[in-house]
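Count along the sequence shown starting at 1, add 1197, and that's the number in this note's numbering. Accompanying notes for the structure given below.
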Amino acid sequence: MTAASEFFVNLPLRYIYTNPDYLDIFIERRIQPELGLDCLGGECLDRKWLEGIRRRLDEAGLSCTVHLPFLDLKPGSLNRAIRGATIEIMTSALDIARMFSPQRMVMHPSLTSWLEPDLFEKTFFYCCETVIRISDHWPGHPPICLENTHELSPAPLVRIVEHIDRENVGICFDLGHWFSFSKGSINKDFDRWFDAFAPYIRHIHLHDNDGDRDAHLALGQGKMDWKHIINRINELSPRPTMTLEPHNRKDFETSMEYFKTKILPALTQK
């Protein structure tokens, strides 16, 4: 697959740290990575190692996006210490992201939708404050794309983006999360979510599932209606960047083939 400026495949830094062959595969096949910055070992502490990855991508002429940390983090936490730790980890991650000049930066706002209304309002405003603090850490940063996860409606994420009201803070529409976590497989409400998100979509995550869980299946191996999804994506102008999110080597190959033969040709037919 030839590298194109708007298409990426997920590649957590911890994968490269434990198996350097992953980076070799991406470079040899000219696949642009979405670098995951949830660092569970020493990979984010070794600046020389990080600079080596950046240099190899630069030499190969490959761009990237980054996925900011999300494990154990809560931007809108009602606990001040947890919010503080989230800001500290996120701003450190932005310093790493800056090394790679990413096209997009994906972030989980991780809203707790089931909270009673008064507590949800608090966590909503705390989340907005946290995103603003993170955004201020890198003036002029590339778009931060807030990703839907467990929300049962598109409204809270849209509300965050509209409240922050910055050109470089938008939405990452994760299609697999909508289909599973948000019960899209049951509600059949893709158009409702798409229409709500459309003005703010800067990035899209593509992976499949059967609706029962966030399985990150290869594209075409679940029950998602990709023909309809791609038809709607074609309505967006400019077209958002996109990342495939397979979680194992077999699904990686299957997703790449499905994307190349089914999705990419449909996306190019305007």
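Where is the CB? At the ideal position from N, CA and C, for every residue including glycine. In this text the structure is predicted, and so the values were computed from the model without any measurement.
Under 8 Å between C-beta atoms of residue i and residue j
i            : j            : result
residue 1369 : residue 1331 : no
residue 1394 : residue 1429 : no
residue 1438 : residue 1295 : no
residue 1266 : residue 1290 : yes
residue 1231 : residue 1206 : yes
Residue span of the beta strand (DSSP E) that contains residue i, given as start and end
i            : result
residue 1204 : 1204-1209
residue 1230 : 1230-1233
residue 1344 : 1341-1344
residue 1368 : 1366-1371
Start and end residues, alpha helix (DSSP H) containing residue i
i            : result
residue 1251 : 1244-1257
residue 1316 : 1314-1333
residue 1221 : 1218-1225
residue 1281 : 1277-1297
residue 1360 : 1352-1361
residue 1461 : 1461-1464
Close Cβ partners of residue i (< 6 Å) along its chain, the five nearest in sequence each way excluded
i            : result
residue 1353 : 1308
residue 1467 : Reliability fails at residue 1467, whose pLDDT of 46 lies under 50, so the model's placement of it is uncertain and no value is given.
residue 1397 : 1358, 1367, 1368
Where residue i falls, given that 16 or more other Cβ within 10 Å makes a residue buried
i            : result
residue 1278 : exposed
residue 1450 : exposed
residue 1493 : The question about residue 1493 has no answer here: the residues shown for the chain are numbered 1198 through 1467.
residue 1280 : buried
residue 1199 : Caution is warranted here: a pLDDT of 42 is assigned to residue 1199, below 50, making its placement in the model unreliable, and the coordinate value is therefore given only provisionally. By the neighbour-count rule (16 or more Cβ atoms within 10 Å), residue 1199 is not buried but exposed.
residue 1406 : buried
residue 1425 : exposed
residue 1299 : buried
Contact set for residue i: own chain, Cβ-Cβ below 7 Å, skip 5 residues either direction
i            : result
residue 1447 : none
Quiz item: Fully enclosed by the stretch 1376-1416, which alpha helix (DSSP H) runs are 4 residues long or longer?
Solution: 1381-1384, 1387-1394
Quiz item: Where in the stretch 1411-1455 do unbroken runs of the beta strand (DSSP E), each at least 3 residues long, occur, reported from the N-terminal end onward?
Solution: DSSP runs (the beta strand (DSSP E)) wholly in the stretch 1411-1455: 1438-1441.
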